[in-house]
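Scroll down for the structure; my scribbles are underneath it.
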Amino acid sequence: MANHKSALKRHRQSLKRRARNRISKTRIKNTVKAVRIAIEENDAAKAQEALKDASSILDRAARKKIIHQRQAQRRISRLQAAVNKIAA
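Next up, the structure:
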């Protein structure tokens, strides 16, 4: 454990940020899972709605640097391709 006042503060900040990031990453996983479940059920309307939510959450996480911008774009792109495939 740190002894200096500034190091103690950095540790407190890192714990807060870790908790915030874990919440966001869990939310990402759950929304992506909802899209995949809708795709497996061949429900195009439900998949499109879930994709809209997932892309919003992924973009927000990328904007806040929780995940990398390119990773968010790649995930959205792959989900969109899968949704388009069942819609066709």
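Residues in the sequence shown are numbered from 1 upward in steps of one, following full-length UniProt numbering. Just so you know, even glycine gets a beta-carbon here, dropped at the ideal spot from N, CA and C.
What distance in whole Å lies between the Cβ atoms of residue j and residue i, which are believed to be in contact at a cut-off of 8 angstroms?
i: L51; j: V35; result: 5 angstroms
i: R70; j: L58; result: That belief does not hold up - the Cβ atoms of R70 and L58 are roughly 11 angstroms apart, past 8 angstroms.
i: A54; j: A72; result: That pair is no contact at about 10 angstroms.
i: I66; j: K25; result: 7 angstroms
What residue range is occupied by the uninterrupted alpha helix (DSSP H) comprising residue i?
i: H11; result: 5 to 40
i: K85; result: 69 to 87
Quick check on residue i: does DSSP put it in helix, strand or coil?
i: D43; result: coil
i: I57; result: helix
i: K64; result: coil
i: A50; result: helix
Against chain D, with Cβ distances strictly below 8 angstroms, would residue i count as a contact?
i: I76; result: Among the chains in the structure shown there is no chain D, since it carries only a single protein chain.
Item to check | Stretch-stretch touch, CB-based, cutoff 8 angstroms, three pairs: the stretch 35 to 49 with the stretch 75 to 84 | outcome: With a cut-off of 8 angstroms, the stretch 75 to 84 and the stretch 35 to 49 count as touching, because enough Cβ pairs lie within range.
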